[in-house]
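A.B. asks: Pasting in a structure now, in structure tokens, and then I'll have a few things to ask.
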Amino acid sequence: MKTTIYYKEKHIEIDLSKPIDISIPLTNTDANPIAWYLEKPEIEPVRFGDWVGKVSEGSSTNFNNIFFNPHGHGTHTECLGHITREFYSINQCLKRFFFTAELISIGPESIGNDLAITKTQIERALNGKTPESIIIRTLPNSDSKKHKNYSKTNPPYLLEEAATFIRESGIKHLLIDLPSVDREEDEGRLLAHKSFWNVKDVNNLNSDARLDCTITEMIFVDDNIRDGSYILNLQIASFENDASPSKPILYSIMNVDTSESELA
6 MKTTIYYKEK HIEIDLSKPI DISIPLTNTD ANPIAWYLEK PEIEPVRFGD WVGKVSEGSS
66 TNFNNIFFNP HGHGTHTECL GHITREFYSI NQCLKRFFFT AELISIGPES IGNDLAITKT
126 QIERALNGKT PESIIIRTLP NSDSKKHKNY SKTNPPYLLE EAATFIRESG IKHLLIDLPS
186 VDREEDEGRL LAHKSFWNVK DVNNLNSDAR LDCTITEMIF VDDNIRDGSY ILNLQIASFE
246 NDASPSKPIL YSIMNVDTSE SELA
């Protein structure tokens, strides 16, 4: 099931029958990843008196309530409304869903008691490329990322300079396999968030803030997925909220044709 995407005078061929899912499923078990001091998600059948919304208990349907936090319970995509006084919805900010993407792998550097990703590391890994989205796989890349409780562990994060470089490179969508692009405890400074979205004042949003840009956190990129260029399909649920659970999908690029003959 092949298709061709036309982007900047290039024909990019992908196979839609071979998606690469880099999201983490949300479950109500201890296997679910957790951040920000939360408990695990809840997925429970609705109960009305003696009636239980579960086929195995006599109902005609399975009919569950789900209680979760998009920021702390798995793969999610957020807009700048995550840090602004005024309400902005990811459902209104994200209107395109296919993007060129570059997957890079980086081992965060030791800085004091922290591990952090620097501008130099990002710049070196991109090597002059300017995709619409960047996907950062941190090293080492253990399967524990799919199940870890990150609370009070001081995970790695992006330095402000790295987020600034990504913004100045014209990259609009940042995906990372960490619970946040910022330090777990940073006294509310949120320097990487603010720099990436170019938010200068959370109370009075500047006119050049990047409303159409997103950050996706808590992804997982398996080791068998090679660094390089892809097409990204960034899927969200239609929540009118600053963030939504999301399902980023990569497609390997099979062929790139720069000839003009097909345009006639």
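Start counting the sequence shown at 6; every next residue gets the next number (my numbering). Each residue gets a CB set at the ideal place from its N, CA and C atoms; glycine is no exception.
1. DSSP has Tyr42 in a bridge; who is on the other side?
2. Would you call the segment 223-230 in contact with the segment 75-87, where contact means no fewer than 3 C-beta pairs closer than 8 Å?
3. What is the residue span of the alpha helix (DSSP H) that Lys199 lies within?
4. With respect to the alpha helix (DSSP H) encompassing Lys124, which residues constitute its N-terminal and C-terminal limits?
5. Which residue's Cα is closest to the Cα of Leu31: Leu85, Glu47 and Pro113?
6. Taking the beta carbon of Pro145 as the centre, do at least 16 other beta carbons fall within 10 Å, making it buried, or is it exposed?
7. Going by DSSP, name the residue or residues bridged to Ser110.
8. Determine the DSSP secondary structure at Arg52, reduced to helix, strand or coil.
9. Taking 7 Å as the cut-off, decide whether the C-beta atoms of Ser115 and Arg142 are in contact.
10. Since Ile88 contacts Lys199 with CB under 8 Å, what's their CB separation in whole angstroms?
11. Check the C-beta distance from His152 over to Pro253 and give it rounded, since I have them as a contact under 8 Å.
12. State yes or no: is the C-beta of Ala197 within less than 7 Å of the C-beta of Asp206?
13. What would DSSP say about Thr82, mapped onto helix, strand or coil?
14. Who are the Cβ neighbours of Gln3 in its own chain at under 6 Å, not counting the five residues just before and after it?
15. Assuming Ile171 contacts Ile17 under a Cβ cut-off of 8 Å, what Cβ separation, rounded to an integer in Å, is found between them?
16. Where Thr263 and Leu99 are concerned, what is the direct C-alpha to C-alpha distance, given to the nearest angstrom?
17. Count the other CB atoms, across all protein chains shown, that sit within 10 Å of the CB of Leu179; report buried if there are 16 or more and exposed otherwise.
18. Give the straight-line distance between the Cα atoms of Leu268 and Ser61, rounded to the nearest whole angstrom.
19. Using 8 Å for Cβ pairs, my map puts Leu120 next to Arg215. What's the rounded Cβ distance?
20. Along the chain, where does the alpha helix (DSSP H) that runs through Glu165 open and close?
21. Can you name the start and end residues of the alpha helix (DSSP H) that Ile96 belongs to?
22. Just the Cα atoms here: how many angstroms apart are Met6 and Glu192?
23. If I measure Cβ to Cβ from Ser22 and keep anything under 7 Å in the same chain, skipping five residues before and after, which residues do I get?
24. With a threshold of 8 Å on Cβ separation, who are the neighbours of Phe92 within its own chain once the five nearest residues in sequence on each side are excluded?
C.D. replies: Looking at the atomic coordinates:
1. Note: Tyr42 sits in no beta bridge, so no partner.
2. yes
3. Leu196 to Trp202
4. Lys124 to Leu131
5. Considering only Leu85, Glu47 and Pro113, the residue with the shortest C-alpha distance to Leu31 is Glu47.
6. The Cβ neighbour count for Pro145, taken over all protein chains shown within 10 Å, is under 16; the residue is labelled exposed.
7. Arg142
8. Annotated three-state conformation of Arg52 is strand, per DSSP.
9. no
10. At roughly 7 Å, the Cβ-Cβ gap stays under 8 Å, so Ile88 and Lys199 are in contact.
11. Between His152 and Pro253 a beta carbon distance of about 19 Å is seen, past the 8 Å cut, so the two are scored as non-contacting.
12. Taking 7 Å as the cut-off, the beta carbon of Ala197 is found no closer than this to the beta carbon of Asp206.
13. strand
14. Given that the chain is displayed from residue 6 to residue 269, the structure contains no residue 3 and the question cannot be resolved.
15. Actually they are not in contact, since the Cβ atoms of Ile171 and Ile17 sit about 22 Å apart, beyond 8 Å.
16. Roughly 29 Å separates the two Cα atoms.
17. buried
18. The predicted position of Leu268 is uncertain, since its pLDDT is 33 and thus under 50; a value taken from the coordinates is nonetheless stated next. Their backbone Cα atoms lie some 57 Å apart in a straight line.
19. Contact flag wrong, Cβ pair sits at about 27 Å.
20. Glu165 to Glu173
21. For clarity, residue 96 is Asn in the given sequence; the question names Ile instead. Residues Ile95 to Cys98.
22. 49 Å
23. Cβ-Cβ distances below 7 Å link Ser22 to Met6 in the same chain, with the five nearest sequence neighbours on each side left out; the list follows chain order.
24. Gly86 and Asp247
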